[in-house]
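Since the structure comes first, as structure tokens, the remarks are kept for the end.
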Amino acid sequence: MPSTAASRILEHYRPPFDATAVKKIKEMGGIVVGKTNMDEFGMGSTTEASAFQVTANPWDLTRVPGGSSGGSAAAVAARQCMVSLGSDTGGSVRQPASFCGVVGLKPTYGRVSRFGLMAYASSLDVIGCFGSTVADAGMLLHAVSGYDRFDSTSSKQDVPEFDTQFLSMDSFESKPLKGVRVGLIRETLEEGVDSGVRSATQEAASHLEALGCVVTEVSLPSFSLGLPAYYVIASSESSSNLSRYDGVRYGNQVMADELNKLYECSRGQGFGGEVKMRILMGTYALSAGYYDAYYKRAQQVRTLIRKDFKAALDHNDILISPAAPSAAYKIGEKKDDPLAMYAGDIMTVNVNLAGLPAIVLPCGLVEGGPSGLPVGLQMIGAAFDEEKLLKVGHIFEQTLKGSGFVPPTLPNVA
Amino acid sequence: MTTRALLAAISGCPRRNIINSSTFSPSLHFQRQESRIIARSFSSDTNSSLPDISRLAETARISLTPAEIEECEPKIRQVIDWFGQLQQVDVNSVEPAIRAEMEGGSLREDAPQTFENRDNIRASIPSFDETYLKVPKVLNKE
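Quick note, the sequences are listed as chains H and C, same order.
All residue numbers for the first sequence refer to this note's numbering, where the first residue is 94 and numbers rise by one.
All residue numbers for the second sequence refer to this note's numbering, where the first residue is 89 and numbers rise by one.
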């Protein structure tokens, strides 16, 4: 099957092997319906950076589905498939899940093998799952999880039976989440977050309380540092990972009379603007004289962020926050302003820096589009505690009033 | 229809300020960190000679047209300037984290195995001349 990472440099590329995650799905009888659109090499938050086409949000065709795994989120939202895979390096599964009103699940780093995932930032990348319900996303996660000898960062931790714990609503007690300690991250409800998103998140917190949770406010002092630290690390690692696309062994080659020119032209013509920008920024951050000031420093900030999360999760079962500061915005709105686009990742990047699992599920609607726009609640768990996230997420979802988040573009789909 | 009902229900709810909420107690849990996050100023006072885009492009082996350089230069400078805020963080005696805390990398035996789909790999090579990948000559610079 063609695999392009939405890039011209891999326009006609057909990989000679399946990723471990895909292999597992096929072995279990899963039917791979096709490939979806994304931001080129995972770099973007709207799917507008695809070299091939822009994907529309099924809730409002003039708006973005989010990114980078926007195509996978939109496909599930539009019920073109039951579940889909995406990759999450800084929120690329969770943010589109929020924008498209579906469930997006980011596992712990190491839970799912990265063998066959085209690397963007190796210390941050994970493969994530989309579904229209928590149960579906959980079942997919179970199918793709597990140790893989071909990925040296793959974890040997046991994979619990994620797929069998989704009880039906009839068997819920009156307070099915009694005693679950939930920490609402204070820094995620400050200025810069849409009032509609704030309301939806606070209502989600109230809903959790009604289910028996103990909800308190927590603070992560290093929170705002995550965004620049993430972009330093991600662009640095990507500048290294994307050096393999040189037009020699695979992909589109631009012939030249000298080797360096072949590299330069193949890459210059094959990569899109955002990819080139990030490679250049990464090259800068890693270059002699700047490595300590940027890359090493960002790694130190990563340690601070990990410590803050660990402290908060020592006193709470899960942490919650919005998945994004706003609902889906219009196509073209942030295309020329990189910092404005990066700012939208504020809720999600810290989780990748800490390597923790998180799930996003639709919790409400805000104004916009023909029938409102979905807003997702993010739940963050301790490392390898996907089971708890799925349990809480499932109960939250099943007890939320309204029969589900279905985009208006679809005819009567229950 | 149900989505409209949901929207109506949400917009009908009073806006609640998190501090004033009466239904959950905002007790704060946070650890005093050794690092202090000082004023969030964006400019870095390190040896910040603004990035030379042409030189970076050469290092990264990416050719850029003059128009492309003109377009991306201000954006790159803006982002790198924004990175500068990390300079304000006190990271004294903080260990850099290569990745999230995980068990040590597990390595498999260094025993070569023949890949079963070599033909497919060969088919992907743009310039192939039986057993050799063809590339143009390498010219020595300067």
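Note that the Cβ used here is the ideal one computed from N, Cα and C, for glycine as well.
CA nearest to the CA of residue i, picked from the options
i: alanine 293 of chain H; options: H/Val237, H/Lys389, H/Val468; result: H/Val468
i: alanine 148 of chain C; options: H/Asp438, H/Thr502, H/Lys128, H/Lys354; result: H/Lys354
i: asparagine 409 of chain H; options: H/Val157, H/Leu210, H/Gly474, H/Gln250; result: H/Gly474
i: leucine 483 of chain H; options: H/Gly197, H/Ile118, H/Pro109; result: H/Gly197
i: alanine 436 of chain H; options: C/Trp170, C/Ile141, C/Val226, C/Glu204; result: C/Trp170
i: isoleucine 439 of chain H; options: H/Gly425, H/Met175, H/Gly319; result: H/Gly319
i: proline 200 of chain H; options: H/Ala416, H/Leu466, H/Asp241, H/Asn445; result: H/Asn445
i: glycine 276 of chain H; options: H/Asp251, H/Ser312, H/Pro253; result: H/Ser312
i: valine 157 of chain H; options: H/Ser247, H/Ala420, H/Val252; result: H/Ala420
i: lysine 400 of chain H; options: C/Ala145, C/Glu218, C/Val182; result: C/Val182
i: glycine 272 of chain H; options: H/Glu479, H/Asn150, H/Thr309, H/Ser336; result: H/Thr309
i: lysine 119 of chain H; options: H/Ala236, H/Gly184, H/Ser414, H/Tyr356; result: H/Ala236
i: asparagine 150 of chain H; options: H/Phe192, H/Ser161, H/Ser177; result: H/Phe192
i: aspartate 218 of chain H; options: H/Val227, H/Thr226, H/Phe208, H/Ser225; result: H/Phe208
i: cysteine 222 of chain H; options: H/Ser359, H/Ser332, H/Met175, H/Ser245; result: H/Met175
i: alanine 416 of chain H; options: H/Arg342, H/Asn334, H/Pro455; result: H/Pro455
i: valine 227 of chain H; options: H/Ala142, H/Lys481, H/Ser185; result: H/Lys481
Paired residues, beta bridge with residue i - DSSP
i: asparagine 150 of chain H; result: H/Asp153
i: lysine 423 of chain H; result: H/Arg156
i: glutamine 508 of chain H; result: Since the first and last residues shown for chain H are 94 and 507, residue 508 of chain H lies out of range.
i: lysine 199 of chain H; result: H/Ala451
i: glycine 365 of chain H; result: For glycine 365 of chain H, which the question treats as bridged, DSSP gives no partner whatsoever.
i: threonine 113 of chain H; result: DSSP lists no partner for threonine 113 of chain H.
i: cysteine 222 of chain H; result: H/Leu178, H/Leu198
i: leucine 379 of chain H; result: Its beta-bridge partners do not exist; DSSP assigns none.
i: proline 231 of chain C; result: In the structure as shown, chain C begins at 89 and stops at 230. Residue 231 of chain C is therefore absent and cannot be evaluated.
i: tyrosine 435 of chain H; result: According to DSSP, tyrosine 435 of chain H bridges with nothing at all.
i: serine 238 of chain H; result: H/Val205
i: leucine 466 of chain H; result: H/Val459
i: valine 307 of chain H; result: H/Arg274
i: leucine 221 of chain C; result: C/Phe216
Whole-angstrom distance between residue j and residue i, CA atom to CA atom
i: isoleucine 411 of chain H; j: alanine 98 of chain H; result: 33 Å
i: glutamate 280 of chain H; j: valine 307 of chain H; result: 19 Å
i: isoleucine 220 of chain H; j: valine 167 of chain C; result: 27 Å
i: glycine 375 of chain H; j: isoleucine 452 of chain H; result: 29 Å
i: glutamate 266 of chain H; j: leucine 449 of chain H; result: 29 Å
i: glycine 164 of chain H; j: lysine 494 of chain H; result: 28 Å
i: serine 96 of chain H; j: phenylalanine 134 of chain H; result: 11 Å
i: alanine 327 of chain H; j: threonine 182 of chain H; result: 8 Å
i: leucine 465 of chain H; j: alanine 433 of chain H; result: Going by the sequence as given, residue 465 of chain H is glycine instead of leucine. Answer to the nearest angstrom: the Cα atoms are 23 Å apart.
i: serine 131 of chain C; j: glutamine 175 of chain C; result: In this prediction, serine 131 of chain C has a pLDDT of 42, which is less than 50 and means its spatial position is unreliable; what the coordinates show is noted afterwards. When rounded, the distance between both Cα atoms is 9 Å.
i: leucine 458 of chain H; j: alanine 297 of chain H; result: 12 Å
i: glutamine 201 of chain C; j: tyrosine 356 of chain H; result: 30 Å
i: aspartate 350 of chain H; j: lysine 225 of chain C; result: 7 Å
i: lysine 117 of chain H; j: threonine 129 of chain H; result: 19 Å
i: serine 215 of chain H; j: serine 100 of chain H; result: 19 Å
i: tyrosine 388 of chain H; j: glutamate 218 of chain C; result: 42 Å
i: serine 206 of chain H; j: phenylalanine 259 of chain H; result: 24 Å
i: leucine 116 of chain C; j: glycine 289 of chain H; result: Because the pLDDT at leucine 116 of chain C is just 26, under 50, the model does not fix this residue reliably, and the value given afterwards should be weighed accordingly. Spanning the two alpha carbons is a distance of roughly 24 Å.
i: histidine 487 of chain H; j: glutamate 479 of chain H; result: 12 Å
i: alanine 167 of chain H; j: proline 189 of chain H; result: 8 Å
i: arginine 204 of chain H; j: leucine 470 of chain H; result: 22 Å
i: aspartate 263 of chain H; j: phenylalanine 402 of chain H; result: 35 Å
i: serine 414 of chain H; j: leucine 178 of chain H; result: 23 Å
i: lysine 268 of chain H; j: methionine 472 of chain H; result: 19 Å
i: asparagine 443 of chain H; j: isoleucine 278 of chain H; result: 12 Å
i: arginine 107 of chain H; j: methionine 94 of chain H; result: 6 Å
i: glycine 160 of chain H; j: aspartate 132 of chain H; result: 6 Å
i: serine 245 of chain H; j: serine 238 of chain H; result: 14 Å
i: proline 109 of chain H; j: arginine 210 of chain C; result: 10 Å
Where residue i meets chain H, residues with beta-carbon distance less than 7 Å
i: proline 184 of chain C; result: Lys389, Gln392, Gln393, Thr396
i: serine 151 of chain C; result: Glu357, Cys358, Gly361
i: proline 154 of chain C; result: Neighbours of proline 154 of chain C on chain H: none; closest Cβ ~12 Å, over 7 Å.
Partner residues on chain C for residue i, Cβ-Cβ distance less than 9 Å
i: tyrosine 343 of chain H; result: Ile209, Ser212, Ile213, Pro214
i: methionine 370 of chain H; result: Cys160, Lys163, Ile164, Val167
i: proline 200 of chain H; result: Within chain C, no residue comes near proline 200 of chain H; the closest Cβ sits about 12 Å away, beyond 9 Å.
i: glutamate 351 of chain H; result: Pro224, Lys225, Val226, Leu227
7 Å Cβ cut-off: residues of chain C touching residue i
i: threonine 376 of chain H; result: Leu144, Thr147, Ala148
i: phenylalanine 110 of chain H; result: Asn205
Chain H contact residues for residue i, given Cβ-Cβ distances below 8 Å
i: proline 200 of chain C; result: Within chain H, no residue comes near proline 200 of chain C; the closest Cβ sits about 14 Å away, beyond 8 Å.
i: isoleucine 141 of chain C; result: Leu373
Contact list for residue i against chain C, beta-carbon separation under 8 Å
i: valine 325 of chain H; result: Phe171, Leu174
i: phenylalanine 364 of chain H; result: Ile150
i: glutamine 346 of chain H; result: Pro214, Ser215
| message | Going residue by residue through the segment 478-505 of chain H, where are the continuous alpha helix (DSSP H) segments of at least 4 residues, counting only ones entirely within it? | response | Secondary structure in the segment 478-505 of chain H: the alpha helix (DSSP H) runs of 4 residues or longer, each lying completely within the stretch, are 479-492 in chain order.
Check your understanding: Could you give the uninterrupted runs of the beta strand (DSSP E) lying entirely in the segment 240-303 of chain H, keeping only those of 3 residues or more?
Key -> Fully enclosed beta strand (DSSP E) runs of 3 or longer: 274-278.
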